[in-house]
Each structure stands twice: as C-alpha cells, then as structure tokens.
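Residue numbers (my numbering): 6 to 930.
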Amino acid sequence: MTTVDPGLPATEPLREDIRFLGGILGDIVRDHEGPEIFDLVERARVESFRVRRSEIDRSELADLFAGIDIARAVPVIRAFSHFSLLANLAEDIHRERRRMVHVRAGEPPQDSSLAATYAKLDAADLDADRVADLLRDALVAPVITAHPTETRRRSIFETQSRITELMRFRERTELDPAEAGETEVGIHRQILTLWQTALIRLSRLRIQDEIDVGLRYYDMSLFDVIPTIDARVRDELRRRWPEANLVPRPVLRPGSWIGGDRDGNPNVTAEVVRTATGRAATVAIEKYLGHLAELERELSMSARLVDVDDDLQRLADASGDDSAYRADEPFRRAVRGLRRRLSGTAARVLDTVPTGALSPAQVGDAEPYERPQELVADLDVLDRALRAIGDDSIADDRLATLRRAVDTFGFHLSGLDLRQNSEVHESVVAELLAWAGVHADYASLSEDERVAVLSAELETRRPLVGARAEFSEQTAKELAIVTAAAEAVRRHGPEAVPNYIISMCTSVSDMLEAAVLLKEAGILDPGAPGEGPTSSVGVVPLFETIDDLRQGAATIRATLDVPVYRALVEGRGMHQEVMLGYSDSNKDGGYLTANWALYRAELDLIEAARETGIRLRLFHGRGGTVGRGGGPSYDAILAQPHGAVTGSLRLTEQGEVIAAKYAEPKSARRNLETLLAATLESTLLDVEGLGDGAEAAYAVLDDLADRARAAYGALVHETPGFVDYFRLSTPVAEIGELNIGSRPASRKPTNSVYDLRAIPWVMSWSQSRVMLPGWYGVGSAFESWVGDDEERLATLTDLYRRWPFFRTVLSNMAQVMAKSDLGLAARYSELVPDEELRRTVFGMISDEHARTVSWYLRITGHDGLLDDNPALARSVFNRFPYLEPLNHLQVELLRQLRAGDDREQVKRGILLTMNGLATALRNSG
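As structure tokens, then:
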C-alpha cells in the first residue's frame, strides 16, 4: 500500500484545489446537516487515512458504521460522493495545468497529441500515393451507446461545469482581494446547489430520456469541436501532401446506438427509432437555423460600399426578401433565403417545429433543401462573395463554422445503428418464410439449405410480407422497426441509419437473415435483372464470444462466397464492417484470453480481407472499464495489429467515460485528437514492433491465452456455487434498481453468468473492489508457462518492452488492479452466509490476485503497479481513502436490506453508495 505521495511537488496545486473544494463542502455539511453529521464525516475521513497509513485495522472503521441508522448514513454517503465528484473536477483542471506547463516550457508535444503525430509522420518520409490510398476511406467514429453506467443527472453536470469554469477563472486571472472573495462566494454557491440537488433519479430512465442524454453532448461540445478539428486535420495533411487531395470528407463522424440497439431491450420500438433519428435531425437543423439567424444580423454589408458578385446577387434576388430597408444589403437578403429554404426542409422532415424556424407564412413558396450538399453550395456562394471583397476574416468566422458543421453532420447529425440478436432474426425470418409459403419450417433446415433459401429471397424484389399478413408480436415489432429505419433514411438521408449489427453472429445465414429484413423494409434493393443489389445500410456481424471471434474470419469468407452477398458488398464499394465484442468475450473467457482472441481475430480478418478483396473496417465494442475493453484509447488503437486500422475505425463510448471525455469542449477536443492521432499513426506507420519475431510472439500468446482461460473457467464456470457467491458478495441484484438505463440487467431471466449483461457483471465486481474481469487468470497463465525457466521470463519481459499490444494489456491490467482492494473485498465476502463457499471462492480470488501482481512486477521490472502511470498513481493516493467509507457503508446497508429492512430509504442509500463509487472510480462499468 502506497503511503508516500508520488510526485509531491507536481501535485501540490492539485492537493490545494482538493483542500479548497473539500473545505467548502465541509462547511456546507456542517451548516446544513448539523455538527453531529459533520463530526461523523470528519471522523470517517480521518480514520480512512489512518487505514491507509496502517495505523488502525480496517475493522475499526467498519465498526464506526455498524448498525448505522439510514437517516445518519445518507448524508455521510452524500458527503463522500460529492467529494469524489469535486476531486474529479480538480484532477481534470490539474491535467490542464500540467499540459500548460509542458507547453510553456517549450517541451516537445506529448504522445497522443496531433502535434506529436505530425512530427512522427514528417520523420517517416511517406509516399503521397501510399498515404492517399490508406486514407481513402478515412473515418473515426465514436459511437455513443445506451449502456450507461453514468449515473449523474443533467443538473449535476451543469452545476459541475459552472464550478469548473469558476475554478479556472480563479487560477488564471489576476484577482484583487475583493474579486477573489467574490469568486470563492460563487464557488460556494454552486457547491451548495450541488449539495441540495438529488444525486439519483427516483424513476428509471426511459429510452427517450437516454436519447436526450446522448444528444446533450452535442450542445456541450461535439457540435462545435468536431468540425473545427476536422478542418485542422485536413489542412495539416494537405499541407504535407498537397497533390493527394486527402480526406475530402470529414474524418470525424460520430454515431449512436441509443434508440436503435434492441438486443435484449424490449423498450426499443419503431416509435423510438423515429424519435431517435428525428431528435438528432432536430438538433442539427436547430443549430444551423441559429447560426443563419446570427449571420443575417451580422452580414450587413451594403452594395453601396462593396462589390457584389453575380452568384451572390442571384441568391439575394431569389430570397423572397423584398424589404425596402434591406434592398442594398445582398448578404442579409441571401441569408434570409437560406433560412426560408432550411425552415421549409424542417417542416418537411421533422415532426416538431425546431427553435429558430421561420413560420409557414415567412417560408412561403421557398423550395426546401433536399440534401445538405445544397445548403453547403449556397454557403459556399456566401464564402466566395466575402473573400472577393477582402472579408476573409469574416468568412473564416461563423460562416466557416456553419459550413463545416453542415458538411459534417448533414441533416441527420449522427448515424443511428440498428442492432438485434441473431436468434430473433432467425425466428422472424422463419415466420415470414412460412407465411409467404416459401418454407414451412425454416428452423429445421441445415445451414446450406438456409443459405440457399435466403439467397433466393435476396435475388428477387418480391416481398415476403403482404398487406393482409398477420404475425406474432415479435415479428410485427421487428418489421415495424426496420420500416421506421427506412423512413428515417428517406427523411434524413442515407447516413441517418448506416449499419445493421447482428449480435451473436455465428454463421452465413445469420448475416443473410438481417439482409432479408432490410429488403422487406425497402432499404436493400435486389435490383432489376442484370443489375446488382444495393443497400444504404451495411450488414455488420458482431463476433463476441471467444469461439465466435476465432471463427469470425471463416464466417466472413463463407459469406462472401455467396454470390448475392458479394454482389451487395461490391455495390457498397467493397466495404465490409465487422464489429468485435470486448465485453462478452471477457465474461466468457477472462481478461487475457479475450484480449488475445480479439487480436487474433483481427489478424485473421486482415488476411481474409486481403484474400477476398474487401476494404475492412473494424468496429470496436469497448466498454468504459478494462474488463470491457476500456483503457487509454491512444494505447488501445496503437496496440492493434498492423493493417487493422486502415484509415478508419469505429468504437463505442460507454458509461461515465462519455462524460469524462465529452462533457465540455476542452476535454472533447483532447480526446477526439487522441483518437485521430492514434488512427493516423496506426494507419501510416508500422507500430507493432515485432518484425520477424511476430509468429513466435503469437505462439506464446496462444499458449498463455489457453492457460488463462482454463484458470478463469475453473473459477467462474466450474466452481460449484460461484454464481451464488457472486450474487451474494456484490450488489448485482441491487444494480438492477439503479435508475441508470432502460435496459434490463440480464438478457434472459436465468441464473447463468452467460446471460448476465456485461455491465452489471463488471460494475458489481468494481463496486466490491475485486475488479475480477480485469485480471483473473493472468497470474496462473504466467506461472504455469514460465515455471522456473528464466529464459521464458526473459521472453515475456522482451515482449513487454517491444510489443505495444502486450505492454498495453499488462498496463491496463495493472491500472485496474491498482483500483482493487482485497481488504475491502473481504468485507463483501462476509455477506455470503455459506462459510465453506466463502472460503473457497474468496480464497481462489485472493491467491490469484497475489499471484498476478507478483508476475506483473517480475515481467515488467516495476516496483509498483502504477510505475508507468504516475497520473493515476497520484489519483489513487489522493482520493482513494475517501472511497473507503462508501464501501463500508454499502456493505452495512446491503446487510441491513438482506436481513429484512427493505425500507425505500435503505434501498436508496445503497444506490447512493453505488453512485458515489462509480463517480470516484470513473470507469466502473
């Protein structure tokens, strides 16, 4: 246990901010909850630090809360939860502070910044034609998902943002004593507001609420930040390779699953799809209308004072603005015409009137824009006219911002992926085929027979569904959803719904079944005789178990051997996207096995792409935690095999990491630049680092992965009573009560680990501080493979130093283990009444934890788990003692609840501890 603050001088400003914010919070607790509660909070804080310094036994702190009344427990929980939130804020500000120190010192740009990436590209002396080919389909798409472990409400976000701005102002502005006092009063006021705002919701989020939660990040940061970064990247790349005309389209194009992901979520309906796509389009068009209204006010240039080119004059004359007062103001008149046309578009494609839209009378007979490119063309007329009169600085301001935004977001804002489980597709298609008389029992067919039947359906425009068809509730619902998707494509453009993802995809027929559903909705057109099939929506297999990952490339090859599917891919420019599932593969086989299965799958898919001629794009289904594929994005992307990132990738953004990355412009800019930097480096440079030793390294990992899977399976899948231990020693049952999402905690109502969703699986182990999905089985794999062979140990050390993949796997594991605490985990194990089961399972966990830490240190040569991550080391040191009371209170309240005290206040107290721990750990699910 660390007892000395790592990097003390560098962290002193951070410690001062934490003391300052914590002092204000303490004053508020004393003033509003009374001295008794304040004293209890303060005693718990002091005792927690004494535990860290090994001055007292942990049981003494636990005794402080034994039998605590819920009325006293709740304000204590809230105090430590709020402190964690304020500590996060202080850490974010400190990271900004440290970056500024580096910049002012004139130090080289840091890795993961675009500036550092450009320097590496310059040093590599790359061929322009090669760069152009690799970046031909450049795309970086963060996809926001409806898998939130983010528990904070919007009100909390907004108050936190105001505190952040005041803290920045306090640090960066020369304040006289009166101004400093006013600023501190303002911070006190906001923390008081925070204290008196409920941390958790009383009712579960509806999926419509989740849609709005996802869209709020566009208001907070994404709408302004993404187009600006895109423009800068395009300029930098074209400056280096001017003849290549690189990235004609925006590279950053975000996506969403919220409202389209119905795998195990019965709340997603056709109406939800319409709401998701419609609300996204509304956000985009409202933003454009707002900018146009401002431009109409700003562009007051008079034709009496400036020359007006013919294109602008035509735009002004066609505007319908015949006001005598603006007869000599062609720019204003032209912009008025754009507002009329865009308001007409809004009336045609949206179900609600967006803010800033002109009235029907004002729109009159203006022709609506059919496509966003038409609006871009009109904005380009304005741009050229301004530059022609020397007003470049005006053209580069709001007009350029709007033009870039329309180019990036279109009329759809972000693409909504559809996702459903292959089992559902099989059932729905079977019912359609039976009703249409094609085959009475599709489920009885062999795989080859299924492929033949489905191929025939994809070659004809004849639909399976007739006007008088009657289907089961499930089939009717699925048909309605794909029909709603087709409607969204017609209304908002082909990018509104770009992909159809198939969960648990294991076969060719799984992929063809999804294609048949797209055909029934009119999205996929088989084409007339002699024509090939077309579809604006891509069929994307999701390989997520260990076995499916191992067979993924074979599935792709076999599907492309089906003539009608290959023709479909040819019609889409030979593009084929494949999604890789990090969460279920980890739950299935453990941390090391899952990571290696994903790497191996990518190697196999790269080879399959080369053989079949497809342009492969990988979609990484990463969660917020290491146990679900999380960890630093830059390192994760560079750890991909060579050829896996060919200028493009998509990845999910989940849980509280969404807020950490995108809740405000500075963090959004930094994190999006990191994604772009890693994508450019992984595409244009050979970063794998193995050279001729690659196959030998792969063989080592093959062996280690099998050993790790056996060790993991011995605990999770083979130990009698393990599931009971998991349910009793963690708050997994209570997580279902936490109102953080519309999705049920399990896919099916069973007692199986396989059917439990990955988020509650990971979050439960995080709350109990075991963090099992992020490390279990790794120590046993190393121990059994190395044995007493020093050469084998040297091999692993060499791989750690040379191979980004292996280094990242171990580094991420160390980070999650540093957040684990087996002493606290032992307290949770006491919730298991079966002493023999408790001793068996917790004994296995404790032994493996010690074994894994030991082998990590031996392989890396480090003295501690966080030697390679001083920032996280400082974070753990500075604020993990404040988590200690939350864990003890959670255990105590779980004990009271399970002993029969099922009062609502007790349940709410447990949920508050979950909220506080999730906030403090920052990537808990």
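Ideal placement from N, C-alpha and C gives every residue a C-beta, glycine not left out.
Check, Outcome
"Beta-bridge pairing of M584 - partner residues as DSSP gives them", "L547, F624"
"Per-residue burial, D388 [other beta carbons within 10 Å of its own, 16 or more giving buried]", "buried"
"Rounded distance between the beta-carbons of L363 and R392, thought under 8 Å", "About 28 Å separates the two Cβ atoms, so there is no contact after all."
"A281, buried or exposed, once every other Cβ within 10 Å from all chains shown has been counted against 16", "buried"
"Buried/exposed call for M105, threshold 16 Cβ in 10 Å", "exposed"
"Nearest to A461 (by Cα), restricted to the options S514, V502, P503", "S514"
"Straight-line Cα distance separating L347 from A298", "11 Å"
"Spatial distance of N892 from S59 (CA atoms)", "18 Å"
"Separation of G618 from A649, as counted between CA atoms", "15 Å"
"Sequence-distant residues of the same chain with beta carbon closer than 7 Å to W860, five excluded per side", "G784, F787, E788"
"Distance cut-off 7 Å: L227 Cβ against heavy atoms of the ligand ZN", "For the ligand ZN, the structure offers nothing, since it holds no ligand at all."
"Exposure of T560, with buried meaning 16 or more beta-carbon neighbours within 10 Å", "buried"
"Member of L131, E582, T169 whose CA lies at the smallest distance from the CA of D422", "E582"
"Where S508 sits in the DSSP three-state scheme", "strand"
"Beta-carbon separation (whole angstroms), V366 vs A249, contact threshold 8 Å", "Before going further, note that residue 366 is Ala rather than Val in the sequence given. The Cβ separation is near 50 Å, so there is no contact."
"Inter-residue Cα distance where the pair is P468 and V456", "18 Å"
"6 Å Cβ shell around M849 - same chain, five flanking residues per side excluded", "L720"
"Validate contact between the region 485 to 501 and the region 554 to 573 using beta carbons, cut 8 Å, 3 pairs", "no"
"Span separating the alpha-carbon of L680 from that of I642", "8 Å"
"Collapsed DSSP secondary structure at S208 in the structure displayed", "coil"
"T169 and R879 closer than 8 Å at C-beta", "no"
"Buried or exposed (CB count within 10 angstroms, at least 16 for buried), V354", "buried"
"Contact set for L320: own chain, Cβ-Cβ below 7 Å, skip 5 residues either direction", "A339, G342, D383, V386"
"Inter-residue spacing [alpha-carbon to alpha-carbon] between Q213 and Y781", "37 Å"
"CA-to-CA distance, P890 to D61, given in whole angstroms", "What sits at residue 61 in the sequence shown is Ile, not Asp. Spanning the two alpha carbons is a distance of roughly 14 Å."
"A644 and P809 closer than 8 Å at C-beta", "yes"
"CA-to-CA distance, R20 to R712, given in whole angstroms", "44 Å"
"Inter-residue spacing [alpha-carbon to alpha-carbon] between K912 and P259", "37 Å"
"I619, DSSP secondary structure in three states", "coil"
"Of the residues R466, H444, G471, the one placed nearest V458, counting alpha carbons only", "H444"
"In chain order, each alpha helix (DSSP H) run of at least 4 residues that lies wholly inside the region 156 to 185", "159 to 177"
"6 Å CB neighbourhood of G632 in its chain, flanking five on each side removed", "Because G632 sits at a pLDDT of 41, beneath the cut-off of 50, its placement in the model cannot be relied upon, and the point is left open."
"Coarse secondary structure for S540, derived from DSSP in three states", "strand"
"CA-to-CA distance, R843 to M776, given in whole angstroms", "17 Å"
"Integer-rounded CB distance, given that L677 should sit under 8 Å from L126", "That belief does not hold up - the Cβ atoms of L126 and L677 are roughly 18 Å apart, past 8 Å."
"Classification of N920 by the beta-carbon crowding that lies within 10 angstroms, buried from 16 upward", "buried"
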